[in-house]
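Report on one structure; see the data block that follows.
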Amino acid sequence: MAQENKMSREEAGKKGGQATSNNHDKEFYQEIGQKGGEATSKNHDKEFYQEIGEKGGEATSKNHDKEFYQEIGEKGGEATSKNHDKEFYKEIGQKGGNRRSS
Numbered sequence: 028m029a030q031e032n033k034m035s036r037e038e039a040g041k042k043g044g045q046a047t048s049n050n051h052d053k054e055f056y057q058e059i060g061q062k063g064g065e066a067t068s069k070n071h072d073k074e075f076y077q078e079i080g081e082k083g084g085e086a087t088s089k090n091h092d093k094e095f096y097q098e099i100g101e102k103g104g105e106a107t108s109k110n111h112d113k114e115f116y117k118e119i120g121q122k123g124g125n126r127r128s129s
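Numbering (my numbering), first residue to last: 28 to 129.
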C-alpha cells in the first residue's frame with residue numbers, strides 16, 4: 028500500500044487561511060472583528076481590561092527604551108497639535124489647574 032501524502036496541520040491551516048483571505052474582503056474582517064470585540068466586552072469587566080492593559084504596558088516597557096517613548100510622545104504631540112486649536116489647550120490647562128487647587 029502506498030503511503031499517502033498528508034498535509035501537516037500547519038500546512039492545512041496556512042492553506043485554509045489563504046483560501047479564506049482570497050474569498051473575503053476588508054469589510055468581512057472588520058465585521059467579525061467588531062462582533063468579537065462586542066462579545067469580549069460583554070464577557071469581561073473593567074478589571075479585566077485594566078489587568079491586560081497593565082500586562083501589555085509591562086511587556087512593552089521591557090521591549091523598548093527611553094528613545095522609543097520619546098519618539099512616540101513626539102509623534103503623539105504633533106498629531107494632537109494638528110487636530111486642536113488654542114482653545115483646546117486653554118481648556119485642558121484650566122482643568123489641570125483646577126484639579127491641582129482642589
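All C-beta atoms in this analysis are idealised placements derived from N, C-alpha and C, irrespective of residue type, glycine included.
{"Check": "What residue range is occupied by the uninterrupted alpha helix (DSSP H) comprising N49?", "Outcome": "36-50"}
{"Check": "Rounded to a whole number of angstroms, what is the C-alpha to C-alpha distance between K82 and G104?", "Outcome": "25 Å"}
{"Check": "Taking the C-alpha atoms as reference points, what is the distance between D72 and D52?", "Outcome": "32 Å"}
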